[in-house]
Amino acid sequence: MFEARLSQGSLLKKLLEAIKELVTDANFDCNETGIALQAMDNSHVALVSLLLRSEGFHPYRCDRGFSLGVNLNSLSKILKCAGNDDIITLKADDNSADSLSLCFESPSNERVSEYELKLMDIDQEHLSIPETDYDATIIMSSAEFQRICRDLMVISESVSVDVAKDAVVFSAEGEMGSGSVKLKQNPSVDKPEEQVVIELNTSVSLQFSLKYLMNFTKGTPLSDQVMLGLSENMPLLVEYKMDDAGYIRFYLAPKIGEE
Amino acid sequence: MGVKGLWKLISPVGRNVKLESLNNKRLAIDILYLEISIWLYQFLTAMRDKEGNGLKNAHLLGFFRRICKLLFYNIKPVFVFDGGAPELKRLTLNERRKRRTGNANNLQKTAEKLLSAQLRLHAVQESKGSCKKVITDDFNENKMSNTSPERLFSRRKRDEYDLPSISGGIEAMVTKDDPRLATEDDLKNFIREYNKAYIDSEAFRSLPLETRYEILEELRNKSRRTSWDRFHEIFGMKRNNLTQKLIDVTSNDTDPNNTTPKRIVSERNKKYVLIKNKEGSTGWTMSSVDENKHENNDKQGHTVERPVYMESSEIDDKNSLVNGEDNEFEELELPKSALSFDNCEYQEYKEHTPITSDDWNSLLLDKNAYVEDNESIESVIKKFKRLESESFKMSPNKLNDDVSSLSINYDDIDTFMSMEPDEFFAFWLSQMSPDFQKEYNDHDEMLHKAIYVWDEDELEQQKKSVTKKLGKLRESDEQKANALNFWQNFLKVTAEFRRINSDINQNKDELNDKQDLEIEMSDSPMDLKEQKYKEICMRETNHLIQKVVHTIKKININFESLLLPVNHVSSYHTSTLDVPLEDRETVAEISDFEEVELPTNPIDSGYQSTKINPQLMATSNISVEFSDTECDSQTNVLIDTLEVEDINNISKDKYIKISSDEDEECSYAEKFEPASNSSDDEIPKQLTEEESEFARFLSELKKKDLNSIQQELNTEVQQLNEQRKREKRDADSVTQTMISECQKLLQLFGIPYIIAPMEAEAQCAELLRLELVDGIVTDDSDVFLFGGTRVYKNMFNQQKYVELYLLQDLEQHMGINREKLIHLAILLGSDYTEGLPGIGVVSAIEILNEFPGEKGLEHFRDWWLDVQNGTSGPENNESDFKKKFRKKMKALLLSKNFPNHRIWDAYYRPLVDDSKVQFQWTIPNLDDLRDFLMENFSWTHEKVDETLVPLMKTFVKKKSEESNQITLDGFFAYPISSSKSHQSTRIQRIVDSWKSGETYDNESRSNDGNESSQRRKKRSQKKSIDVITIDSSSNSEQETIHKKRKRQKTKKRSSK
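Note that the protein sequences, when read in sequence, are chains A and B. Sequential numbering of the first sequence, starting at 1, is according to the UniProt record's numbering. Sequential numbering of the second sequence, starting at 1, is according to the UniProt record's numbering.
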């Protein structure tokens, strides 16, 4: 028996919005510790890894680990039927899960709606992602990151990220011209939304596809801050932490080569 | 191809791959081309029409689509073609080829069976008048749909050496007497036929001298040979004529000062030479070198030949020339102007000829006589030529008129035959030439008389007189000539008409008799009527049947002429109907008579008549219809006739095809277009759809008008067709042309390809090793044996996922490495070895398990030889496997050199090109591609653009966007999560043991004795250790999940 009750229904809605563009079908792997999802996009360029810890749910019950194969688009559509303040309860039979039942309760408990989502059998590869220490980690405002990506998208399809000791430069070069955004280290504790923290071992310069980054920034509503982890010739990590409820991590393979 | 059963064995470690993830990957694509190119072979197999015939350029079309697919996913392919086959492979290929030729023989047999089945089916169908209409419609559809591809092909670019196609095939072009294609015998025959009439014609004179000489010589020799011929020719003065001609030919156009002897005729023992006189005179002497007798012979011949002149319709130029010598030039004009002689002129001629011939002979012998005569001959010739040209100038008009009017007549002759006398008269009145009207005031009356009054003899006389008159005419009198010509033609046609009319009248009389009978019978009830009819017929058979047999022939002729106008000259319908109606009724009776005479069932008789003659078939069908429906109304009959027309067309054109297979034919033509439109995956669908549609159609057809026999036959035909399809498919092979065409296409697409020195798979593996490519696309499992580590399977199989096999996975998850794979290949058979008979994957794995290590197979061999020699140790100590194997494989024979070491060499050290030059990809050349596609698929410009332009757009876009985008695959190792297991539990057990006990194998290789039992123990230990370690190391969530899985797996395992 699997049951998870999430008091902040909006969280699930936002999560789905963040990943459904990237992945169409995915397995939610449920076990005692929580719900996890890992999926690569079709072209194996980006990977999304999602974790919702059991602590985020009240209550959370999962007797044994199992997978819920879900079409994310369908789930997202059903979740749109839930109000932002609704309490969402997920239920499934862990022995023979062929459907996931969702129950939306309005805060005042006046309205209860129930939906059932048919599950699918998804044969998916699980990548083992090593925990790496990145050459550079940047913690910055998620809104700021989203804005930078949006702005530079005007110029080009790809952005190069250069991390120096006290500043990070996002720059793009395209047919119409070029543009760059420089963020200086700003460890202001008062205003976390303006905070820019750079931890650097060695300076890094990498190029990424803005198309994918734009997709990642759909996770902006989930968190005020975003963490970027960069290492030379390694995939970029974009992490949105949802307090104690869990995190959503995006990995993006860099662009390499002459261009 | 590949190691037998290997794919199945390793299927659990295959990873499903999305094509999108192959973006920007460099893949080596293996194309084998000795007989078994898996790729091309697949096209040939898949792209077949209903009949099993390969589509034209099917391989290219398939190739094209595959390239498009690769480009769409932005995959960078490198195509690797086979260079040659190593010796080992050739041996095994030979075996396969043997198998294939056997197939080809079968194919022939099946085709024969199919034909006979279709014929039978056809026969049954023929007998049923009702089903005909349906088939006719079908056939017309066929015709319609057939035209479109032809039209398309006409747009093809012309090869500069391409000749326009011959309509109706080469046979149609070759007329019977085409000199270019004649054999020597033909020529001789031709010359033999080229006698009497022609030597005097203008055409003959236009021949080159040598040819004329040859012909004359031949004829002359002939005239000496047979006595009977000679008898005629003696009277016809033929030989004389020929001799004269010969002299003319030899003397003509030669230099008068040339004194060399001229050979005229030479035979064995005889030689005639014409020698110029040496006395300075211009005369010629003909002397026989061998026998002087001959001259006398000749002389005698002439004198005898003289008296009678055979009637000949042609102008004898030479004789008239001779006449000219006798100063009778005025006579010349007469024969010139006319096309034919009339009798009086012959009389005149006869009077002249004796003299002239005499004179000629005397002249011939009198040398002195030549002096003056030579000149006169020249002048005569001149004059003659002048006259001739004049007459020709004049005659073309006449001739043309003549010819055209005649041709009209012959075209229309069928029409006339079917006319009633009144119509006939009316027609000729309208056709009458103004000249004729002017010439003869009583023209109307003349025509009328000719048609209605005169009998045949009279007509004949008239005709003769006209010919005479025509002959006598002077060239100036054009009007008269025209009039006479018209009259002549008219008379000819009328005579014909009268003759046929009289036939018809006869038939009519007969018919009336029969109709009387029928009237009698109609009183009696229907059932009785038939019987009675039969009785009457029986009585009359002796008398009538014979008559009928005669008339049926005549009527058939009439019928043919009748059917034509029905089709072409619709205006004559009403007129024709009167006669044909009756005719057909007669035919109806006739066929009834036949039935009486041969009391078989109607189907048989229908079939017989069909076989004999389509025309007859038509008539019998009508007769059936007549007797069935008894409808006499003219309109109905008209429709029937038209129907019969159609049926006739079919039966003539597609006599055999009339059966249900016709539809298949049609679907082929239709398919070509849509098939080229559709993408890969649609093809099989379409095939099946069409198949079912066709089946539905067939069943409808059956319901309507086919009986059980036909159903049976249909299924038979279908079965045979399927068999043929199968066999044909297996017999086709990939040709060098196909390969080069594919290479051309690759060039146009800017895709690099290499031709491997030997095996393509080996080259692919080498490319991967050199990191020139990122993976290998092949369906040939040999590639692992050559060291391929990253193999994509099912790349172009839409029904299946693309599967990625990593050698690393094989090692990790199945404990199978390259060495084991080669051992497997030796046991199971591959391109290099036939394998051991009776050994499948399971036993092979078990053998490998039993005899591990590099020398495992040698151990196996030693053990087996021991077993067979009875020198092996006691059975009790042996493992279960060995015991079982002993029992099962008693017949297995191993040679001393069983594991052929050349196989190892072949796999470990294949001949490959190890150049490290990077491959280059360029943007497809759209313009050239257009030309190429137009040429090969007859695609229009628009269609090519439709297909290629969007492809090019995405291609270019992806190239610019994502050319430097790498994927995550290289960063995160992803283990196989699938818990798929082997179908065979025996394999699963061994594989599991290998997987966990690789190290163990190495340890315990030395102690051979009770290995397996030890191993089993150890295996179970290992398992438990495995589980523990996993349990202890559960840190991250990911791993917990894995642990869970493994736990499940172990559960499963232990439950086994």
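Glycine included, every Cβ here is placed at the ideal spot set by N, Cα and C.
Less than 7 Å between C-beta atoms, sequence neighbours within five positions excluded: which residues of the same chain meet that for residue i?
i              : result
D632 (chain B) : Low per-residue confidence applies at D632 (chain B): pLDDT is 39, beneath 50, and the placement is therefore not dependable enough to give any value.
R902 (chain B) : L88
D880 (chain B) : none
P187 (chain A) : Q195, V197
Near residue i, which residues of its chain fall below 6 Å by C-beta distance, leaving aside the five closest residues on each side in sequence?
i              : result
N201 (chain A) : D135
G177 (chain A) : none
V181 (chain A) : I148, F170
L37 (chain A)  : A26, F28, L50
S10 (chain A)  : N84
Could you check which residue in the options has the C-alpha nearest to that of residue i?
i              : options                        : result
F250 (chain A) : A:T217, A:D244, A:D243         : A:T217
D928 (chain B) : B:W921, B:E214, B:H941, B:L219 : B:H941
R861 (chain B) : B:R886, B:G840, B:D880, B:V842 : B:R886
N849 (chain B) : B:R65, B:F64, B:V991, B:N94    : B:V991
V112 (chain A) : A:A245, A:I87, A:E55, A:V23    : A:I87
I198 (chain A) : A:V154, A:M140, A:R150         : A:M140
A167 (chain A) : A:I138, A:R150, A:S188         : A:I138
L79 (chain A)  : A:D123, A:V163, A:L117, A:S142 : A:L117
D162 (chain A) : A:I35, A:L228, A:H58, A:L15    : A:L228
With residue i as the anchor, note down where its alpha helix (DSSP H) starts and where it stops.
i              : result
S769 (chain B) : Note on residue identity: the sequence assigns Arg, not Ser, to residue 769 (chain B). From DSSP, the alpha helix (DSSP H) with R769 (chain B) extends over 760-769.
V3 (chain B)   : Segment: none, V3 (chain B) is in no alpha helix (DSSP H) and carries neither H nor E.
A92 (chain A)  : Looking at the DSSP string, A92 (chain A) is not in any alpha helix (DSSP H); the run it does join, the beta strand (DSSP E), is 87-92.
N73 (chain A)  : 72-79
Does any C-beta atom of chain B lie closer than 8 Å to the C-beta of residue i?
i              : result
M40 (chain A)  : yes
K241 (chain A) : no
V154 (chain A) : no
A4 (chain A)   : no
L11 (chain A)  : no
L127 (chain A) : yes
D123 (chain A) : yes
V238 (chain A) : no
L68 (chain A)  : no
S209 (chain A) : yes
S43 (chain A)  : yes
Is any non-hydrogen atom of the ligand SAH found closer than 7 Å to the C-beta of residue i, if you look at the structure I gave you?
i              : result
P208 (chain B) : Among the components of this structure there are no ligands whatsoever, and the ligand SAH is therefore not found.
How about residue i: is its C-beta nearer than 8 Å to some C-beta of chain A?
i                      : result
K793 (chain B)         : no
I990 (chain B)         : no
residue 1069 (chain B) : Nothing in the structure corresponds to residue 1069 (chain B), since chain B is present only between 1 and 1056.
E20 (chain B)          : yes
F972 (chain B)         : yes
N94 (chain B)          : no
K964 (chain B)         : In the sequence under discussion, the amino acid at residue 964 (chain B) is Asn, which differs from the Lys named in the question. Chain A, which has a Cβ nearer than 8 Å to the Cβ of N964 (chain B), makes this yes.
N869 (chain B)         : no
So residue i is in the beta strand (DSSP E); what residue range does that whole segment cover?
i              : result
D25 (chain A)  : 25-31
L206 (chain A) : 204-209
A36 (chain A)  : 34-40
S49 (chain A)  : 46-53
K241 (chain A) : 236-242
With a CB to CB cut of under 8 Å and the five nearest residues on each side skipped, what residues in its chain are close to residue i?
i              : result
L127 (chain A) : Q38, M40, L47
Q920 (chain B) : P752
N297 (chain B) : Summary for N297 (chain B): the model assigns pLDDT 44, below 50, so the residue's position carries little reliability; its value from the coordinates is reported in the next sentence. Closer than 8 Å at the Cβ level, and outside the excluded window around N297 (chain B), lies no residue.
(request) Return the chain-ordered ranges of every alpha helix (DSSP H) run that is complete within the segment 106-192 of chain A and spans a minimum of 4 residues. (result) Counting whole runs of 4 or more residues, the segment 106-192 of chain A contains the alpha helix (DSSP H) stretches 142-153.
(message) In chain order, what are the residue ranges of uninterrupted alpha helix (DSSP H) at least 4 long that sit wholly in the segment 805-892 of chain B?
(response) Within the segment 805-892 of chain B, the alpha helix (DSSP H) runs of at least 4 residues that lie entirely inside it are, in chain order, 818-828, 841-850, 856-869, 880-888.
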